[in-house]
Amino acid sequence: LEIHAELMTNSKMFCGCKVVDSVEAEPNTAVCPVCLGMPGMLPVINRQAVEYSMRVALAFNCTIQHHNIFARKNYFYPDLPKSYQITQYELPIGLNGWLDIELESGETKRIRIRRVHMEEDTGKLTHIEGGGSLVDYNRSSVPLLEIVSEPDIRSGEEARAYAMKVRQILRYLGVNSGDLEKGVFRVEPNISIRPVGSSKFGKRTELKNLNSFRVLADGTAFEIDRQSKILDAGGEVVQETRGWHDTKRITFSQRTKEEAEDYRYFPEPDLPPLSISDEWIEAVKAALPELPDVKVKRYQSDYGLSAYDARVLTEERAVGEWFDTAVTTGSDPKTIANWMINQLFGLMNEHKQSINNIQITPSRFVDLLRLVKNQTINSNTAKDVLAEMIISGQPANAIVEAKGLAQISDETAIVAIIVQILEENSSQVEKYLAGQEKLRGFFVGQVMKATHGKANPKLVNQILKQELSARK
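Note that the numbering used here has the sequence shown beginning at 27, numbered continuously upward.
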C-alpha cells in the first residue's frame, strides 16, 4: 500500500504560503511564484514538516536517516506546475519500520513498512462538462508524506485494517486529519498475484481514487480476483493504473503504469542535503504521545477493561484523554468506561457533538456516576440526567435538585407504599401466593408508578419480597 498524507503544517513544504482547505478555499488564492513554479524561484525546506515526518517515522518504528536528500521526480501533468515534483528517492527520512494490525478473526499481523518519505503535493484538477479541466494550485506544494508498506498484505480486509491503523496513528500524532473525502489521506494499493510457492512477484496494478475504506477493501478484493482469473485462464496481467467504479463495483483501466526510470529521478539541485542529529531525533521521540496500542494494553492491565472496550476508548486520542481525566478522580474505571460506551457516545451522536466540544466535563460526568453509586438516583434516572447534561451543560446535582429526581431510599416510606399497593391488589397477591410469581414484576411496576420512578429499586425488591413472604 502507498499512503499519501498531507501534513497539517501552517505553511507549505517549500514556500511561505498558508496551507488552506482545498475544498472550501477559493481556488488559487494560497499561491506564490515558488509553488507556481515560476522561473528563478528557489524552495526552502519547512522545518515543521520535517519534524512531523520524524514523528510519523518513529511512531511506525522506522529508523530515522541522519542524511536526507531531496530529488526531482519528472513528469508532465497539468496539476504539476514545475513539470517535476520535489520528493525523496534514494535517501528518505525513514526506513524499515513495521505496524501491527488486528484482523476481524482476532489475529494480529505485522505489516512491514519499507519507507516513509517527504514530498510536495500537486495541484487539484476538476474536470468539467464538455471537455477541459480547471486547475486549483492551492494544494500545490502542500507538505505530503508517503508511507509505503512491504508486500505483506494479502486481502482487502487486511488492506483496510492497515490503512485504518495508519490513519488512526497519524491523527494521534496531530499531523493529519484523516479525511478521505477531502483527499488529505489517500490510499493506493499496488496489487500483484503470484503462484503459491513462487518468490517472483507478478505484474502489478495500482488502484487510485479510492475515497473510503470500504471502497479500498472492495476494490482490492475485486482486483485480486480479476488478476487470479486472468492467470488461471493462461492470460497476462497488464501493468497499469486502474480506477474503481462504485456503481458497477468493478475496476477499470485508466493508463499504463510507469516504471521508476520513467521519472528520471535525480538529486534536487536547489536544496542542500538535510542533516538530522541524534539530539533532534531524541527530542521528537520524547514528545510523542502515548500511541493506541500502548494505551489499549494499559487500559487492560491497569483497569481490567476488555479488549473491545479498550479499543473503543482509544479509537480517538481525545476520547482516551477524556477517559484518563475522568479516571484520575478516583472513580471506578470500568464504570466510567461502561457509561461512556453505552450511554455517552450514543447521546453525542444524537446531538452531533464530539468529545472536543461536548458540554460535559469529565469531572461532572463522574459526579453523575457518584449520584448513582450513593443511591441518590437510580441508573434509569441517571440516563435522563445525562441526556439533560449534554444539552445544558449543567451539573448533575443541579438537575436532580431542580427536577426533584432524588431517589426515595427511606425504608419506612417504601414499606408504607408497598403495603398500600398489596392491599389494593389483593386478588393479584392471592394469585402470586398460589404460584404466579411473575406477578412480582407487576407489584414493582405499581410501586415505581406510585413514586414516579423515584423509589430505590434495590430496596423495593427487598421489601416487597419480605412483605409477600409475610402473607404466605
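Where a beta carbon is used, it is the ideal one built from N, C-alpha and C, also for glycine.
Using 7 Å as the threshold, is the C-beta distance between GLU146 and SER167 below it? Residue mapping note: residue 146 aligns to position 120 of the sequence shown, counting from 1. Residue mapping note: residue 167 aligns to position 141 of the sequence shown, counting from 1. Yes, they are a contact pair.
Residue burial classification, GLY149 (beta-carbon count within 10 angstroms, cutoff 16): As a first step, residue 149 is located in the sequence shown; it is residue number 123 there, counting from the start. With 16 or more other Cβ atoms within 10 Å, it is buried.
For ALA31, name the three-state secondary structure that DSSP assigns. Residue mapping note: residue 31 aligns to position 5 of the sequence shown, counting from 1. ALA31: strand per DSSP, three-state reduction.
Identify which residue in ARG98, ASN237 and GLY123 has its Cα closest to the Cα of TYR291. Mapped onto the sequence shown, residue 291 falls at position 265. Considering only alpha carbons, the answer is ARG98.
Looking only at its chain, what residues have a beta carbon closer than 7 Å to the beta carbon of ARG252, apart from the 5 residues adjacent to it on each side? Within the sequence shown, the letter at position 226 stands for residue 252. Hits under 7 Å: THR277.
Of the residues ASP410, THR438 and ALA442, which one's Cα is nearest the Cα of GLY430? Residue numbering aside, residue 430 sits at position 404 when the sequence shown is read from its first letter. Nearest of ASP410, THR438 and ALA442 to GLY430, Cα basis: ASP410.
Within the segment 432-488, ranges of the alpha helix (DSSP H) (whole runs, at least 4 residues): 437-450, 452-459 and 465-476
If we count the other Cβ atoms within 10 Å of its Cβ and call it buried at 16 or more, is THR402 buried or exposed? The sequence position of residue 402 within the sequence shown is 376, counting from 1. Buried.
Please name the residue or residues paired with GLU146 in a DSSP beta bridge. In the sequence shown, the residue the question calls residue 146 occupies position 120. Answer is PRO169, bridged to GLU146.
With THR340 as the anchor, note down where its alpha helix (DSSP H) starts and where it stops. Mapped onto the sequence shown, residue 340 falls at position 314. Segment 333-340, the alpha helix (DSSP H) holding THR340.
Checking the sheet assignment: what are the DSSP bridge partners for ARG281? The sequence position of residue 281 within the sequence shown is 255, counting from 1. Paired residues: THR267.
Cβ-based neighbour list, LEU494, same chain, cut-off 8 Å, excluding 5 preceding and 5 following: For the purposes of this step, residue 494 is taken as residue 468 along the sequence shown, with counting starting at 1. The residues are LEU448, VAL455, TYR458, LEU459, ARG466 and PHE469.
Alpha helix (DSSP H) runs wholly inside the segment 272-321, at least 4 long, in chain order: 304-312
Tell me the DSSP bridge mates of SER37? Start at 1 with the first residue of the sequence shown, and residue 37 comes out as number 11. LYS44, per the DSSP bridge assignment.
Let me check understanding here. Comparing Cα to Cα, which of SER238, LYS108, HIS93 and ARG240 lies closest to ASP304? For the purposes of this step, residue 304 is taken as the residue at position 278 of the sequence shown. The residue with the shortest Cα to Cα distance from ASP304 is HIS93.
Can you tell me which of the three DSSP states GLY372 falls into? For the purposes of this step, residue 372 is identified with residue 346 of the sequence shown, where counting begins at 1. Reduced to three states, the DSSP call for GLY372 is helix.
Hey, out of GLU347, LEU121 and THR152, whose CA is closest to ASN87's CA? The residue you call residue 87 lines up with position 61 of the sequence shown. Looking at the Cα atoms, LEU121 is the closest of the given residues.
Please report the straight-line C-alpha distance between LYS399 and ASN375, rounded to a whole angstrom. Position 373 of the sequence shown holds residue 399. Position 349 of the sequence shown holds residue 375. Roughly 26 Å between the two C-alpha positions.
What is the DSSP secondary structure of GLU214, reduced to helix, strand or coil? Position 188 of the sequence shown holds residue 214. In the structure shown, GLU214 sits in a strand (DSSP, three-state: E or B).
Nearest CA to the CA of ARG497: which residue from VAL445, ASN482, GLN472 and PRO483? Against the sequence shown, residue 497 aligns to sequence position 471. When only C-alpha atoms are compared, the closest one is VAL445.
How far does the beta strand (DSSP E) with PHE102 in it reach, from first residue to last? By 1-based counting over the sequence shown, the position of residue 102 is 76. It is not in any beta strand (DSSP E) - PHE102 carries neither H nor E in the DSSP assignment.
Inter-residue spacing [alpha-carbon to alpha-carbon] between PHE102 and LYS283: Residue 102 sits at position 76 when you count from the first residue of the sequence shown. Residue 283 sits at position 257 when you count from the first residue of the sequence shown. Going by the C-alpha atoms only, they are around 14 Å apart.
Using 8 Å as the threshold, is the segment 74-88 in touch with the segment 29-37, meaning 3 or more CB pairs across them? yes
Going by DSSP, what residue range makes up the alpha helix (DSSP H) through ASP393? Within the sequence shown, the letter at position 367 stands for residue 393. Looking at the DSSP string, the run of the alpha helix (DSSP H) that includes ASP393 is 388-399.
Neighbourhood of THR351 by C-beta, 7 Å cutoff - its chain only, sequence neighbours within 5 removed: For this step, residue 351 is matched to residue 325 along the sequence shown. Once the five neighbours on either side are set aside, the close Cβ partners of THR351 are PRO388.
Compute the Euclidean distance between the alpha carbons of GLU232 and THR134, then round it to the nearest angstrom. Numbered from 1 along the sequence shown, position 206 holds the residue referred to as residue 232. Numbered from 1 along the sequence shown, position 108 holds the residue referred to as residue 134. The straight-line gap from Cα to Cα measures roughly 26 Å.
Looking only at its chain, what residues have a beta carbon closer than 7 Å to the beta carbon of LYS226, apart from the 5 residues adjacent to it on each side? By one-based count along the sequence shown, residue 226 stands at place 200. The residues are ARG220.
Would you mind reading off the limits of the alpha helix (DSSP H) that contains ASN364? Here residue 364 corresponds to residue number 338 of the sequence shown, with the count starting at 1. Per DSSP, ASN364 belongs to the alpha helix (DSSP H) from 359-365.
Between the Cα of VAL192 and the Cα atoms of ASP319, ALA439 and HIS377, which residue gives the shortest distance? Position 166 of the sequence shown, counted from the start, is the residue given in the question as residue 192. Nearest option by C-alpha distance: ASP319.
Looking only at its own chain, which residues have a Cβ that is under 7 Å from the Cβ of ASN202, when we skip the five neighbours before and after it? Locating residue 202 in the sequence shown gives position 176, counting from the first residue. Hits under 7 Å: ALA31, GLU32, LEU33, MET34, LEU196, VAL210 and PHE211.
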